[in-house]
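Heads up: take any position in the sequence shown, counting from 1, add 153, and you land on the working numbering. Below: the structure, in structure tokens.
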Amino acid sequence: MKNTMINPSVVELLKKVEDRYSLVIVTSKRARQIIDGSEELVETDSKKPLTVAINEVNEGLVSYEEANFDVVSEPEELYTVESDEDNE
154 MKNTMINPSV
164 VELLKKVEDR
174 YSLVIVTSKR
184 ARQIIDGSEE
194 LVETDSKKPL
204 TVAINEVNEG
214 LVSYEEANFD
224 VVSEPEELYT
234 VESDEDNE
């Protein structure tokens with residue numbers, strides 16, 4: 154079995170983003186952009202969009218913005234379901 158080291162390491166990549174979940178989202182969305190025809194921002198031997206995206210994140214060429222979601226304290230009733238008994 155060939156012993157290969159993942160480069161860049163996850164530890165190095167996590168220094169560029171908030172957490173591992175953000176890393177997954179950022180790299181996958183960037184890979185999708187590359188697949189859809191967006192220009193690659195780094196030169197690499199790899200033709201795999203995810204590898205290119207990972208290298209772009211590592212180089213600091215990809216930025217992202219965290220979404221800020223407001224939490225609703227009390228859920229609103231959106232609709233009521235009437236049973237057949239209510240219609241009689």
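For every residue, glycine included, the Cβ atom is placed at its ideal position computed from N, Cα and C.
Taking 7 angstroms as the limit between beta carbons, can you name the residues of its chain near residue i, skipping five residues before and five after?
i, result
"N208", "V195, T197"
"R173", "L167"
"S199", "V205"
So, are the CB atoms of residue i and residue j less than 8 angstroms apart?
i, j, result
"E193", "V177", "no"
"V215", "V164", "no"
"E171", "E219", "yes"
Among the residues of its own chain, which have a CB less than 6 angstroms from the CB of residue i, if the five just before and after it don't count?
i, result
"P202", "A184, I187, I188"
"S175", "none"
"K169", "V210"
Just checking: is the beta-carbon of residue i within a distance shorter than 8 angstroms of some beta-carbon in chain B?
i, result
"E165", "The question asks about chain B, but that chain is absent: this structure has only one protein chain."
From the options, pick the residue whose C-alpha is nearest to that of residue i; which is it?
i, options, result
"Y217", "K200, E235, S199, K182", "K182"
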